[in-house]
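**Q** The structure is given below, and queries will be raised subsequently.
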Amino acid sequence: MLGFLVRLLPFWVREPLLIVVGSVFGVRIMYLAQRDGEWMAAGIGLAFLVFTAVRIHTVVQALRARRTTAPQAQAQPQPGPQPQPQRPAVQRPTTPAVPEKEPNAWGQAFAAVAVIAALGAAAWLGPNLLPSEDDGTPRAASCASGEDEKLPAAYKKTPRAVTGDDLCKALNRADLAQLLGTPAETVTVASGSSDTAPLTDGKVAQPEAEVQFDTYTVNVSVTYNQLSIAQYVKLMTYGEETDVRTLSVLGRPAVLASDHTMKIEINLGGGSSGGPVEQGPLARTLSVALDAKDRGGYYDITVWSASGALPDDTALLGIAEKVLPTIPERPV
0 MLGFLVRLLP FWVREPLLIV VGSVFGVRIM YLAQRDGEWM AAGIGLAFLV
50 FTAVRIHTVV QALRARRTTA PQAQAQPQPG PQPQPQRPAV QRPTTPAVPE
100 KEPNAWGQAF AAVAVIAALG AAAWLGPNLL PSEDDGTPRA ASCASGEDEK
150 LPAAYKKTPR AVTGDDLCKA LNRADLAQLL GTPAETVTVA SGSSDTAPLT
200 DGKVAQPEAE VQFDTYTVNV SVTYNQLSIA QYVKLMTYGE ETDVRTLSVL
250 GRPAVLASDH TMKIEINLGG GSSGGPVEQG PLARTLSVAL DAKDRGGYYD
300 ITVWSASGAL PDDTALLGIA EKVLPTIPER PV
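Structure, rendered in structure tokens:
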């Protein structure tokens, strides 16, 4: 298609166009071939230059032919038989014919060369002026699509239950690192899973999502059971949770608590299967009721780091206020 369009152009536009394109690409490819040591690319660049030389020769021959035939076009009138003298007739004034102006071939050629030279300069200098797509800057991890994931039966019995993919998309926000107080960091891992709560025989849906940074890891889960936040706070008195604080988030009952994570070492080689389960770093969790009436079920937003450092509670509250309203609910 492109070759057909080029052939439709006038000669004095087409040929200079091909000369400029061939010379720009030929020189550029030869330069890259010499820099990278690619001899095959050098052959391609040489082919472009040979093609350009042929087109230049064609234009030179056309110019010479044009200069030779131009003087001959002005032919002298040939002598003919003398007309017989006749009575002079009255001649009517005639309008002199305006000679048809031929298109300025040099103007067309100059315009084509100027346009293509600008395009060639942009192609030549583009890699140096434009930012490279692979400039070494780490890219934030994205959530893997879980559309083909087969959901457990508990999700069908809980019409409002969301999936791990929904939670991952809600949690993996562009401003999550800023909410954690580490705005320069990017997401290294983002994942979601649609599982069920432990010790429920697969009857309680509990999707979760996790986003990891170099400093902190954030986990969000939803438990669709009948346990209210008020009952949950009473159970904490029998557990090992520390620094428990009740509050309200988005008009819903909520509670903040700290607990240690578990550290599990798995040996993928031969011999022992791994070390014992140990106590991991301290984690801070914000639990928020699914609704303002606290009729059962809750969100858990947990933050921890390998070093044991934790952000302020305001970071957890900010994440909850940004993330929870964006979590979709399935229609009942």
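Numbering (numbering that gives the first Met the number 0) for the sequence shown: 0 to 331.
We put the CB at the ideal spot given by N, CA and C, even for glycine.
Computed from a predicted structure; not experimentally measured.
Any idea which residues DSSP pairs residue 61 with across the strands?
**A** DSSP output for residue 61 lists no bridge partner at all.
**Q** So residue 248 and residue 235 are in contact, right, with Cβ under 8 angstroms, and what is the actual spacing, rounded?
**A** About 17 angstroms separates the two Cβ atoms, so there is no contact after all.
**Q** If we count the other Cβ atoms within 10 Å of its Cβ and call it buried at 16 or more, is residue 51 buried or exposed?
**A** buried
**Q** Rounded C-beta distance between residue 199 and residue 296? I'm assuming under 8 angstroms.
**A** Contact doesn't hold; Cβ gap of about 13 angstroms is too wide.
**Q** Please classify residue 151: does DSSP put it in a helix, a strand, or coil?
**A** coil
**Q** Measuring CB atoms only, is the stretch 316-327 touching the stretch 170-179, in the sense that at least three cross pairs come out at less than 8 angstroms?
**A** yes
**Q** How would you call residue 53, buried or exposed, if buried means at least 16 neighbouring beta carbons within 10 angstroms?
**A** exposed
**Q** So, at 8 angstroms on beta carbons, what are the nonlocal neighbours of residue 259 in its own chain, with the 5 sequence-adjacent residues on each side left out?
**A** 239, 278, 279, 280, 281 and 282
**Q** Under a three-way DSSP split, which group does residue 253 fall into?
**A** strand
**Q** Does DSSP put residue 9 in a helix, in a strand, or in coil?
**A** coil
**Q** Considering only residues of the same chain and omitting the five flanking positions on each side of residue 317, which have a CB-CB separation below 7 angstroms?
**A** 178
**Q** Could you name the residues of the same chain whose beta carbon sits closer than 6 angstroms to that of residue 211, not counting the 5 residues immediately before and after it, in chain order?
**A** 187 and 188
**Q** With a threshold of 6 angstroms on Cβ separation, who are the neighbours of residue 190 within its own chain once the five nearest residues in sequence on each side are excluded?
**A** 209
**Q** Can you tell me where the alpha helix (DSSP H) holding residue 320 begins and where it ends?
**A** First-last of the alpha helix (DSSP H) with residue 320: 312-322.
**Q** Here's the rule I'm using: 16 or more other beta-carbon atoms within 10 Å means buried, otherwise exposed. How should residue 44 be labelled?
**A** buried
**Q** Using DSSP's beta-bridge definition, name the partner residues of residue 185.
**A** The partner list for residue 185 (beta bridge, DSSP) is empty, contrary to what the question assumes.
**Q** Mind the definition here: the stretch 224-231 touches the stretch 163-171 only if three or more C-beta pairs lie below 8 angstroms; say whether that holds.
**A** no
**Q** In the DSSP assignment, find the beta strand (DSSP E) that holds residue 300 and state where it starts and stops.
**A** 297-303
**Q** Should residue 164 go down as buried or exposed, given a rule of 16 or more other Cβ atoms within 10 Å for buried?
**A** buried
**Q** Hey, quick one: how far does the beta strand (DSSP E) through residue 242 stretch, first residue to last?
**A** 241-248
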